[in-house]
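Numbering (the numbering used here), first residue to last: 1342 to 1557. All residues carry an ideal CB built from backbone N, CA and C; glycine is no exception. Just so you know, these numbers come straight off a predicted model, no measurement behind them. Working notes, structure below.
What follows is the structure, given as structure tokens:
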């Protein structure tokens, strides 16, 4: 059972709104609309390229193009084998994409979150772009993410996941097949959970590595 929470940073980012002098709440509203556009594009591609029945659901009223998010309806879609795409975050400003991803996962009784980050292959002890000795975490405990300000996800999202012991796998969205490998139990990216911190002992990987940052 798969539910996808989409961001809108490829269409509109907060930095652009700030540059244009747009009030934060209004900029966040634009961002939510951007996530709706992305959800429709993704639904269209998945429908065209697969046999999966895909439904888009939004946290803001826009019923001519997508369903409103109703928890029990979303659960039913999943039970019937449908994939759901969740857009518009929580429907409120001042909230990043990370928090509603955790919130929706809890509402839908998900087993885990797979946090796909652009150009990011995990969480590091420091920024590997500036520190050649930075090491990737295999596992990192929720409180370590907060205490060390590792910027894996928005801190409020990490705290919510911690309080409900919901594991989060951070991995590189740009590398095909990683979601399958994670579900098969392979050592990919970084797992945020209640397990003790554990660093990857292998030498620094040869491809470009970046510290995970909050998604938009």
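Check: Reference residue 1461; option with closest CA among 1431, 1412, 1478 and 1357; Outcome: 1478
Check: Residue from 1538, 1518, 1486 and 1393 whose Cα sits closest to the Cα of residue 1342; Outcome: 1393
Check: Cβ neighbour criterion (16 or more within 10 Å) applied to residue 1505; Outcome: exposed
Check: Pick from 1391, 1390, 1417 and 1389 that is closest to residue 1398, judged by C-alpha positions; Outcome: 1417
Check: Reference residue 1412; option with closest CA among 1457, 1516, 1405 and 1427; Outcome: 1427
Check: Euclidean distance between Cα positions of residue 1380 and residue 1401; Outcome: 13 Å
Check: Given 8 Å, three or more beta-carbon pairs between the region 1479 to 1495 and the region 1531 to 1543; Outcome: yes
Check: Under the three-state DSSP convention, the category residue 1489 falls into; Outcome: coil
Check: Complete runs of the beta strand (DSSP E) confined to the region 1402 to 1481 [at least 3 residues]; Outcome: 1424 to 1428 and 1454 to 1458
Check: Contact under 7 Å by Cβ, residue 1372 with residue 1349; Outcome: yes
Check: Check whether residue 1445 and residue 1347 have beta carbons under 7 Å apart; Outcome: no
Check: Neighbourhood of residue 1378 by C-beta, 8 Å cutoff - its chain only, sequence neighbours within 5 removed; Outcome: 1349 and 1352
Check: Rounded straight-line distance, which links the Cα of residue 1509 to that of residue 1449; Outcome: 15 Å
Check: Cβ-based burial, residue 1486 [other Cβ within 10 Å; buried from 16]; Outcome: buried
Check: Neighbour-count burial assignment, residue 1422, 16 or more Cβ in a 10 Å radius; Outcome: exposed
Check: Per-residue burial, residue 1549 [other beta carbons within 10 Å of its own, 16 or more giving buried]; Outcome: The predicted model places residue 1549 with a pLDDT of 46, which falls under 50 and marks its position as unreliable, so this point remains unresolved.
Check: Cβ-based burial, residue 1559 [other Cβ within 10 Å; buried from 16]; Outcome: An answer regarding residue 1559 cannot be provided, because it is not within the stretch 1342 to 1557 covered by the chain.
Check: Length-filtered (4 minimum) alpha helix (DSSP H) runs lying within the region 1507 to 1542; Outcome: 1519 to 1524
Check: Continuous beta strand (DSSP E) stretch holding residue 1345: start and end; Outcome: 1344 to 1346
Check: Secondary structure of residue 1396, DSSP reduced to three states; Outcome: strand
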